[in-house]
Amino acid sequence: MKILMIASEMDGIIKTGGLADFALALPKALMARGHDIRVILPSYKQAVLKTDMMSMPTDSLSFNLNHTDHYGCLVYHTALDGIAVRIVEHNDFFNREGIYDNGSYAYPDNPLRYTFLCKAAIELCLHEQWIPDIVHCNDWQTAITPYYLKEHYSHYPELKHIRSLLTIHNGAYQGKVVPEWIHPLGIPPQHFTSELMEEHGLLNLLKCGIMYSDAINAVSPGYCEELLMPETSHNLWRYLNKRRSDFTGILNGCDYRQWNPSTDPFLPHPFSANNMAGKLLCKAALQSRMGLLANPDVPILGLIARLVDQKGFDYLIPALEKLLYEDPPVQIVLLGSGDPEYGSRLHFLQKRYPQKMGFVNGYDNELSHLIEAGSDYFMMPSLFEPCGLNQLYSLAYGTLPIVRETGGLKDTVMGLAPDHGNAPPSWTSASKNKKFATGISFIQPDNQGCYWALKQAITLYLDYPQVYHKMQQQAMRQLFTWEESAGMYEILFENLLKKPI
Ligand code: ADP
Numbered sequence: 009m010k011i012l013m014i015a016s017e018m019d020g021i022i023k024t025g026g027l028a029d030f031a032l033a034l035p036k037a038l039m040a041r042g043h044d045i046r047v048i049l050p051s052y053k054q055a056v057l058k059t060d061m062m063s064m065p066t067d068s069l070s071f072n073l074n075h076t077d078h079y080g081c082l083v084y085h086t087a088l089d090g091i092a093v094r095i096v097e098h099n100d101f102f103n104r105e106g107i108y109d110n111g112s113y114a115y116p117d118n119p120l121r122y123t124f125l126c127k128a129a130i131e132l133c134l135h136e137q138w139i140p141d142i143v144h145c146n147d148w149q150t151a152i153t154p155y156y157l158k159e160h161y162s163h164y165p166e167l168k169h170i171r172s173l174l175t176i177h178n179g180a181y182q183g184k185v186v187p188e189w190i191h192p193l194g195i196p197p198q199h200f201t202s203e204l205m206e207e208h209g210l211l212n213l214l215k216c217g218i219m220y221s222d223a224i225n226a227v228s229p230g231y232c233e234e235l236l237m238p239e240t241s242h243n244l245w246r247y248l249n250k251r252r253s254d255f256t257g258i259l260n261g262c263d264y265r266q267w268n269p270s271t272d273p274f275l276p277h278p279f280s281a282n283n284m285a286g287k288l289l290c291k292a293a294l295q296s297r298m299g300l301l302a303n304p305d306v307p308i309l310g311l312i313a314r315l316v317d318q319k320g321f322d323y324l325i326p327a328l329e330k331l332l333y334e335d336p337p338v339q340i341v342l343l344g345s346g347d348p349e350y351g352s353r354l355h356f357l358q359k360r361y362p363q364k365m366g367f368v369n370g371y372d373n374e375l376s377h378l379i380e381a382g383s384d385y386f387m388m389p390s391l392f393e394p395c396g397l398n399q400l401y402s403l404a405y406g407t408l409p410i411v412r413e414t415g416g417l418k419d420t421v422m423g424l425a426p427d428h429g430n431a432p433p434s435w436t437s438a439s440k441n442k443k444f445a446t447g448i449s450f451i452q453p454d455n456q457g458c459y460w461a462l463k464q465a466i467t468l469y470l471d472y473p474q475v476y477h478k479m480q481q482q483a484m485r486q487l488f489t490w491e492e493s494a495g496m497y498e499i500l501f502e503n504l505l506k507k508p509i
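Mapping of the sequence shown onto our numbering: residues 9 to 509, in sequence order.
What follows is the structure in structure tokens.
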């Protein structure tokens, strides 16, 4: 199959979160299955390949987004891990200090920037005469592509057979903008309806993608279920229920080439399920790196995340405050960037408990590997989590995840049953599922639920070391491969191509 993936980020070139990992790992796995795949993304100022671009083959495109506005751009050809990549350069749109925002606010012309990318993607296919069978769009930024294919390019016979998939990585971001954008984006008023893309007077680009794509998927079965229910769907449930028969959940994988503790080049010492000695050395290195006391007996609770409310900081921070105040033997290690408000609250806490807590406010890939390796637990108390990657890395590194039972977290971590009290950990939910627990889970997204889970983790570590080590071994045996995910995408694509036009 020929597959075109359109994405706003791709690991190795530009990354702010899990979408970037997806846009590299899935194409790699599909390519390994023999598919001809290309990825197209914007040429941001921060793109890693920027300096080499001048020597790359280039296409020049020019096209209209609407009846009056004409645009031109250059498209660089490159390759990443063998995947053909096309990078769209337009100085006004992409040569900026930020990717999606200026540090405080989303760029107001984001709808134009990203719909421009979508149109460029289709124009490039025509220009190169490389016509995909599948166009794979990701999140609101690229969700308008199926609309363009069906409404702007319906008179191109060579594009007629293309089938489109929209993957929802995070339904909280929908690209909702004022209706004044419909003209610049080339949307005539008759398409701006509540059936298709209008919502409470606004243009909703994710909704447009949901209504026009041939199929839609969420990045885990758990999130797929949540997106169909009013309380947990970010208000998307009506649209997705309309498309119920075309909507599925496919779990993301973990790139074990990058996230394998026995080969990880960022670790001072390798380790594996059969030889855990190196993990203790990583723990010592992490304590030293974060300015914490070197003590192998104290559990370290780690976290790496974008500092946004989705990740549960509104109840995690109070739970950590209470925990640190009570002073059990514990150390906290945090790495994250994002909302300055969360950043300053965490800095404040770190200043108050410098011996017990380390916090790096920033983005640091190398440190993220050391945190995964050197921590004993990984905190992921998310309010919602479409799939989540860090809990998969944590399982592989024998760092038991502490998760809220939501989305992809509940699909991938088998939590201890919440027994709400000081009783020793029970195995109720784990044994019910005939599996051994691989982490600690809680349900209520509040201070108490989160605090309970953190306490449970500390008790388990200090008082039930044999159980902890057994869980660690079980966690390290879990496998969530991209090969498996790619197999499921392949079936989805094949079924799409079988559907009559
Ligand atoms: P999301 O996509 O919602 O941000 P995921 O868990 O799916 O969350 O993916 C986040 C990815 O970004 C992981 O690979 C994680 O390690 C990485 N990441 C997030 N914040 C940082 C940071 N501050 N430094 C290094 N890596 C980070």
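Cβ atoms here follow ideal geometry from the backbone N, Cα and C, with glycine treated the same way.
Please read these numbers as outputs of a predicted model, since none were measured by experiment.
Nearest-angstrom Cα distance between residue i and residue j?
i, j, result
"TRP245", "ARG252", "10 Å"
"GLN452", "ARG412", "8 Å"
"TYR79", "LEU289", "56 Å"
"GLU291", "ASP317", "Reading off the sequence shown, one finds Lys at residue 291, where the question assumed Glu. Each residue's alpha carbon lies about 28 Å from the other."
"TYR459", "PHE450", "10 Å"
"LYS23", "PHE102", "14 Å"
"GLY106", "SER51", "12 Å"
"GLY209", "GLY370", "37 Å"
"ARG485", "ARG121", "43 Å"
"ASP67", "VAL83", "5 Å"
"LEU315", "GLN474", "34 Å"
"MET9", "TRP138", "12 Å"
"ILE190", "ALA151", "15 Å"
"ALA461", "LEU468", "10 Å"
"LEU131", "TYR164", "Per the sequence shown, the amino acid found at residue 131 is Glu instead of Leu. Taking the straight line from one Cα to the other gives about 11 Å."
"PRO278", "SER402", "15 Å"
"LEU512", "ILE176", "Residue 512 cannot be examined here, being either before or after the span of the chain that is shown, 9 to 509."
"VAL56", "ASP471", "47 Å"
"LEU324", "ILE410", "11 Å"
"TYR497", "MET13", "12 Å"
"MET219", "LEU424", "39 Å"
"ASP358", "MET284", "In the sequence as displayed, the identity of residue 358 is Gln instead of Asp. Taking the straight line from one Cα to the other gives about 30 Å."
"HIS428", "ASN303", "At HIS428, the pLDDT of 45 sits below 50, so the modelled position is not reliable and the matter cannot be decided from this model."
"ALA128", "ASP100", "15 Å"
"ALA180", "ILE509", "31 Å"
"ILE224", "TYR333", "46 Å"
Which residue from the options puts its Cα closest to that of residue i?
i, options, result
"SER241", "TRP460, PHE392, LEU487, ASP372", "PHE392"
"SER280", "PRO197, ALA404, LEU354", "ALA404"
"ASN282", "HIS177, SER270, LEU211", "SER270"
"SER228", "LYS463, PHE30, ILE509", "PHE30"
"GLN550", "TRP267, GLU97, GLN339", "No information on residue 550 is available, as it lies outside the stretch 9 to 509 that the chain covers here."
"LEU125", "ASN369, LYS36, TRP148", "TRP148"
"GLY416", "ALA180, HIS43, PHE71, ALA226", "ALA226"
"TYR350", "ILE379, GLU166, LYS319", "LYS319"
"LEU328", "GLY457, GLY406, SER383, GLN295", "GLY457"
"PRO273", "ASP117, LEU214, GLU105, LEU378", "LEU378"
"LEU300", "LYS287, PHE321, GLN363", "GLN363"
"PHE444", "GLN480, GLU491, ASN118, LYS463", "GLN480"
"GLU510", "VAL338, SER390, THR414, LEU275", "Nothing about residue 510 can be reported from this structure: the residues present for the chain run from 9 to 509 only."
"PRO348", "MET365, ILE176, PHE321", "PHE321"
"GLY344", "PRO394, LEU357, SER376", "SER376"
"GLY447", "ILE21, PHE488, ASP384", "ASP384"
"LYS184", "GLN295, GLU206, CYS81, PRO238", "GLU206"
"ASP372", "ILE312, THR123, PRO65, MET422", "ILE312"
"ASP305", "PRO337, ALA114, GLY25, HIS144", "PRO337"
Going by other Cβ atoms of all chains shown within 10 Å of its Cβ, with 16 needed for buried, is residue i buried or exposed?
i, result
"SER112", "exposed"
"ALA87", "exposed"
"ASP419", "buried"
"ALA28", "buried"
"SER352", "exposed"
"THR436", "At THR436, the pLDDT of 46 sits below 50, so the modelled position is not reliable; the number obtained from the coordinates is stated separately. Its Cβ having fewer than 16 others within 10 Å, THR436 is exposed."
"PHE356", "exposed"
"TYR247", "buried"
"VAL93", "buried"
"PRO432", "Because the pLDDT of PRO432 is 46, which lies under 50, any placement of that residue in the model is unreliable, and the number read from its coordinates should be weighed accordingly. That one is exposed."
"ILE499", "exposed"
Give me the DSSP bridge partner(s) of residue i.
i, result
"PHE255", "ILE224"
"ASN72", "HIS78"
"ILE22", "MET18"
What is the C-beta distance between residue i and residue j, in whole angstroms, given that I count them as a contact (C-beta under 8 Å)?
i, j, result
"ILE45", "ILE91", "6 Å"
"SER16", "LEU38", "Wrong, their Cβ atoms sit about 19 Å apart, outside the cutoff."
"SER493", "ILE258", "6 Å"
"ASP19", "LEU32", "4 Å"
"LEU73", "LEU193", "6 Å"
"PHE200", "LEU211", "7 Å"
"ASP222", "SER172", "5 Å"
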